[in-house]
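Quick notes on the structure that follows.
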Amino acid sequence: MKRRTLKFIEKGSGNKVPFLARFTLQQKIIAALLLVAVIAGITAYLLYVRTFGNAARITLTAHENPGYEWEQIAADNNIMSNYLWGRTKKLMLNKDGEDILIPTYYKIAGRLVSQPAEGSQIYDLSDQAWLLDCYVSSGDAVAARNLKNRVVSRFHSDSGMYLSFAGSKVTEEQKNVKTTEDNITWLEAYLRYYCAYGTSRDFQEIKNLIGALFDENGALRPEQLDVAHYVDSLYYRFNDPKAKEQNGNSTLDETYGVGVGGDQETEEESAANLKQVKGVKLSNVRLPLIYDLEKNGLIAAGAYDRALRLVKEAKDGAEVPFYAYAYEKTENGINYIYSGSRAGTVDVGESIIVMANLARMKELDNESYTALKNLILNERRIYGKYYIVTGNYGGNEVYRQYANALEIAFDMDDRDLYRAVCNCVGARVATKSSSPAIYMIFREQDNRYVFYASDNLGVRKAV
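Those letters in the sequence shown? Residues 19 to 481, by our numbering.
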């Protein structure tokens, strides 16, 4: 049987010394560290090739974030971004057996025993997109990756689009719903995630989603929309269809009619006067996104210029300071639809999103901007409807749009408007030190305090 022995070498006087004994302890440690570094480098390279190797580079347009002066305006109204973010995560995540997704809303416990704390158990795709955005902006790679993976597994469908809702309390009407609004919001967040942490698999997922949302010319694919249906009766007036302007565009009244008594229409009457069209909501024409997609070669060249022209033409001159709700393509060209859910009105909330897209690209017209500013300064809130005939505002308050209004004020460098919007939001910030939702933004519904993900994440992003 052979015996294994250490090989010796002759050293100096002929004494036999083991090979490793020729090196000092320090030299051995350095050699071991170098070996570990080489192994780690090879492993990292192999992992990179496997995950990132085929991923294309995407460059998004940088956008300046509010600095100290703007943050101070928000803080003066009890809006402190980091506290808001930390409390939102603590209160709304890890509820109802869901450890990653954020519910649509969360109710804190009421005064009665029969009013325990509860989450909605419904998860909206847009809310997950805003949560992903917040994770990326705060540099939380692990949470961002976990959320992205969960959304892909829970919301993805065979069509390339994502479901708008998930959760145990999703209604039959909500199942299998896939809206452009939710999907394009997710695409915006997914792109920002990809630029920070994405892989080749993410790039392919993004390309599939782009293909489902945009056609070969870089225009959004139409979807089924419910819009106000006008009836030719004593209560509605129409201009002479032959009396067109020289540029060939019909007037607002001529094409759609204006309800003389529209401002008195009940919600039930509104629902009865809806029709379906195949069109595109103007608020979904996200100009910054389309600009970046074209710049990176992900949609057809010229898509941004076409989209910008389409959005700018969706405003009916001086008669109405806001933008159309949607458009449809007809044999005679583009047909703008001004009233969404209610005849004779313009949806202010939808128009604010359009204005935010224009403001980001420095293309917002002064008339619309001034109308929005006057509404907020005078009414101290954002009403959902603008009545075409009377020029008055009404309807429910559109809470989700305060975040967009903050972004418009910042992009327009208007501190007065920014302060006014912060004042509107600050009035709904929980300030009681013992509240589990301190620093969060609430709504009062049925004598309960309800905290919506869209309100809190949207403002967190804006400030």
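Cβ atoms here follow ideal geometry from the backbone N, Cα and C, with glycine treated the same way. Since the structure is predicted, the reported quantities are computational estimates derived from the model, not experimental observations.
Problem set entry | For R239, the nearest candidate out of Y436, G412 and V303 (CA to CA) | V303
Exercise. How is D244 classed by DSSP in three states: helix, strand or coil?
Worked result: strand
Problem set entry | Cα-Cα separation, Y401 to E89 | 26 Å
Problem set entry | Assigned exposure category for A388 - 16 Cβ within 10 Å defines buried | Here residue 388 turns out to be Thr, not Ala, going by the sequence shown. By the neighbour-count rule (16 or more Cβ atoms within 10 Å), T388 is not buried but exposed.
For this session: Take K260 and list the residues in its own chain whose beta-carbon comes closer than 7 Å to its own, dropping the five residues that flank it on each side.
Result: Low confidence applies here, because K260 scores a pLDDT of 41, under 50, leaving its location unreliable; read the following figure in that light. For K260, where only same-chain residues beyond five positions count, there are no Cβ hits under 7 Å.
Exercise. Between which two residues does the alpha helix (DSSP H) harbouring N396 extend?
Worked result: N384 to E397
Problem set entry | C-beta atoms of E87 and V170 nearer than 9 Å | no
For this session: Spell out the partners DSSP gives N353 in its beta bridges.
Result: E346
Exercise. Do the region 91 to 100 and the region 114 to 125 touch if we need at least three Cβ pairs shorter than 8 Å?
Worked result: no
For this session: Grab the span of the alpha helix (DSSP H) containing N100 for me, first residue to last.
Result: S99 to M110
For this session: Report yes or no: do the region 102 to 110 and the region 449 to 464 share at least 3 C-beta pairs separated by less than 8 Å?
Result: yes
Exercise. If you run the structure through DSSP and keep just helix, strand and coil, what is K450?
Worked result: coil
Problem set entry | Extent of the continuous beta strand (DSSP E) to which N414 belongs | Y411 to E415
For this session: Report back the beta-carbon spacing between A346 and G297 to the nearest angstrom; my notes put them in contact at under 8 Å.
Result: Going by the sequence as given, residue 346 is Glu instead of Ala. Yes, they are in contact, since the Cβ atoms of E346 and G297 sit about 4 Å apart, within 8 Å.
Problem set entry | Through-space distance from E190 to D114, alpha-carbon basis | 20 Å
Exercise. Going by C-alpha distance, which of A480, R433, R446 and V481 is nearest V468?
Worked result: R446
Exercise. Are the beta-carbon atoms belonging to A73 and F173 less than 9 Å from one another?
Worked result: no
For this session: Would you give the residue range spanned by the alpha helix (DSSP H) that D151 belongs to?
Result: L143 to S155
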